[in-house]
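Remarks on the structure that follows.
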Amino acid sequence: MDIIQNRTCDIIIFGGLGDLALRKLIPALYYLHQDGHLCKNTRVIPVSRDMITTAEYNEIILEKFAPGFEDKSYNRDTFNAFMKRVEYVGIDLTKESDYEALAKVLKGHEEKERINYLSTAPSLFGTICANIDKFNLILPSSRVVLEKPIGNDLKSSQVINNEVAEHFKESAIFRIDHYLGKDTVQNILALRFSNMLFAPIWNAQYIDHIQITIAESVGLEGRWAYYNNYGAMRDMVQNHLLQLLCLVAMEPPSTLDGDSVRDEKLKVIKSLRSIEGDDLKLKTVRGQYSSGVSGTQAVPGYCEEDGGQSNSNTETFVAIRVDIDNWRWNGVPMYLRTGKRMVERYSEIVIDFKDVPHSIFPKGGICIDSNKLVIRLQPDESISLFIMNKVPGLNEGMRLQQVELDLNVAEGAPRSPSAYEHLLLDVIRNNSTLFMRRDEVEAAWVWADKILDGWQSMGITTKAYKAGTAGPASSIALIERDGRSWYEK
Ligand code: BG6
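All residue numbers for the sequence shown refer to the working numbering, where the first residue is 916 and numbers rise by one.
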């Protein structure tokens, strides 16, 4: 176990009864405990408005964990030991005097490193930071973790970032994009920068185009109020999709440390060609799902979801052709696509290589498909290389077929840790490589705002697509207009 690198911490989760804390953070901390990554005296301190006791909080998490004891995802004894680390504090986060209760719990633990995880509405980030500062709860070793969304445009993100910066220096601010915590996402770095094989061909000379898809089968899962103010562009493209694009497109960083990697990602974001005017109609598609079928179940349309309003024009699907204006990617389109209520849940990056310049094989019936490198992030993790091969046997002439070389990344691996386990452990270790720096977030907003403003000013509305399908027909047209098609396995 690598306990030596880890530090004894007080991990304070603001919003400790929220959906994210209960569904992702607490289970991630449980697994870190189970796998021996939490030091002996590390505590977990959920903070929330409900005035309940630690025992009552533990009852709530027990209820969530209980089904997992049956199917052996969790171990009951380990869970009991984990609960001993938990110390719940009930406070109204907007009420300054309430922070006294938190101060009491933290008193006498000043030798530990303090992690403040803000899993609340971003409008509270400034208030929480100011209040913990007033009570002198920020130590030199303190860090703050910010959940996305950080604002809903450049201006609002600057306000939030300024508020937090009054109390924490940039190196102590960890902005989470949970996609960067996924194992296969990090594998992009390994694939690109530890294999000489791909390095010489990772450019416009050999790559025809790149596709990145994050498809979800779920709808809003009760998040209408949040989602309707954001939509897929702000919820997924400005962060998750751009981050994936950065890892695929960036220049090799000189080291793996936080700033080297983030400097290179920033250069990619700054090289994105802005999409304005008539290009918005040609290079972007907004969609919104109508009622349909998900799996075998009939599901309502976006506007009929719980809390929905019939006149909403918020997009639940986006497809965009992105161009990166630099030497490496000159003329190589990047197609990004994401949507809710699509056919199935999968996230995938497809690197589509150029055709061979001249075919020596007899014409007629032989089609040489381009080589593809397909990196699947979820639900299963895999990397496949599609190459052309001779059909075995005594066939007339030379018959070819495309075959898949399966790199089987996950085979034989131990339990795959969740993105939050990975990222929380990085915060504990004070490693910021996989977190977003302020300039990155803001540069991403500059690019996204142009599109969002353009949609608004040009009256570009959403196109309907049936729930359970691959999105609006215009997204197929978007890529076919360039003589290409979406990769579907
Ligand atoms: C979140 C978005 O950041 O990512 C959600 O707010 C989305 O709308 C989720 O469902 C997708 O994450 P994952 O890891 O399930 O692909």
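Each residue gets a CB set at the ideal place from its N, CA and C atoms; glycine is no exception.
If you drop the 5 nearest sequence neighbours on each side, which residues of the same chain put their C-beta closer than 7 Å to that of VAL1004? Cβ within range, chain order: ILE960, VAL962, ALA1016, LEU1017 and VAL1020.
How would you write the range of the alpha helix (DSSP H) that ALA1359 sits in, first residue to last? It spans 1353-1372 - the alpha helix (DSSP H) in which ALA1359 sits, taken as one unbroken run.
Return the residue from the list ASN1245, ALA1045, ARG991 and LYS987 that minimises the CA-CA distance to ASP1123. Measuring from the Cα of ASP1123, the nearest candidate turns out to be ASN1245.
Out of curiosity, what's the CA-to-CA distance linking PRO1168 and ASP1178? Roughly 8 Å between the two C-alpha positions.
Cβ-heavy atom distance, SER1175 to the ligand BG6, below 7 Å: Judged by the Cβ position, SER1175 fails to qualify as a neighbour of the ligand BG6 at the 7 Å threshold, every heavy atom of the ligand being at least this far.
Relative to the C-alpha of HIS948, which candidate in THR923, THR968 and GLY1216 has its C-alpha closest? Looking at THR923, THR968 and GLY1216, the one whose alpha-carbon comes closest to that of HIS948 is THR923.
Start and end residues, alpha helix (DSSP H) containing ASP1174: First-last of the alpha helix (DSSP H) with ASP1174: 1173-1185.
Taking 7 Å as the cut-off, is the CB of MET1151 close to at least one heavy atom of the ligand BG6? At least one heavy atom of the ligand BG6 is nearer than 7 Å to the Cβ of MET1151, so yes.
Can you look up MET1249 in the DSSP assignment and give me helix, strand or coil? In the structure shown, MET1249 sits in a strand (DSSP, three-state: E or B).
With distances taken Cα to Cα, identify the nearest neighbour of TYR1094 among MET998, ILE1053 and LEU1156. Measuring from the Cα of TYR1094, the nearest candidate turns out to be LEU1156.
ALA1114 to ARG1291 span [Cα, whole Å]: About 20 Å.
Taking the alpha helix (DSSP H) that LEU1393 belongs to, which residues open and close that run? Start and end: 1388-1395.
Closer than 7 Å: LYS939 CB and nearest the ligand BG6 heavy atom: Checking every heavy atom of the ligand BG6 against the Cβ of LYS939, none is found closer than 7 Å.
What is the DSSP secondary structure of ILE919, counted as helix, strand or coil? With a pLDDT of 49 at ILE919, under the threshold of 50, the modelled position of this residue cannot be trusted; read the value that follows with caution. Here ILE919 carries a coil assignment [DSSP, helix/strand/coil].
Beta strand (DSSP E) segment containing MET1303, residue limits: MET1303 -> beta strand (DSSP E) spans 1297-1305.
Kindly list the residues whose CB is nearer than 8 Å to the CB of ASP965, restricted to its own chain and excluding five residues on each side of it in sequence; keep chain order. Correct list, in chain order: LEU932 and GLY1005.
Run of the alpha helix (DSSP H) containing VAL1342, from where it starts to where it stops: 1334-1343 is the span of the alpha helix (DSSP H), which, as asked, contains VAL1342.
Host alpha helix (DSSP H) of PRO961 (start-end): Element bounds for PRO961: not the alpha helix (DSSP H) but the beta strand (DSSP E), 958-963.
For LEU1135 and TYR1204, I'd like the C-alpha separation in whole angstroms. Here the alpha carbons of TYR1204 and LEU1135 stand approximately 11 Å from one another.
So the alpha helix (DSSP H) TYR1142 belongs to, where does it begin and stop? Run containing TYR1142: 1139-1147, per the alpha helix (DSSP H) assignment.
Less than 8 Å between the CB atoms is what I'm expecting for LYS1182 and GLU1166, so what's the real figure, rounded? About 7 Å separates the two Cβ atoms, so the contact holds.
What residue does the beta strand (DSSP E) around ASP1321 start on, and which one ends it? According to the DSSP assignment, ASP1321 belongs to the beta strand (DSSP E) that extends over 1315-1321.
State the DSSP-derived secondary structure class of LYS1404, mapped to helix, strand or coil. In the three-state DSSP reduction, LYS1404 falls in the coil class, being neither helix nor strand.
Which one or two residues does DSSP pair with HIS1124 in a beta bridge? Under DSSP, HIS1124 forms a beta bridge with ASP1267.
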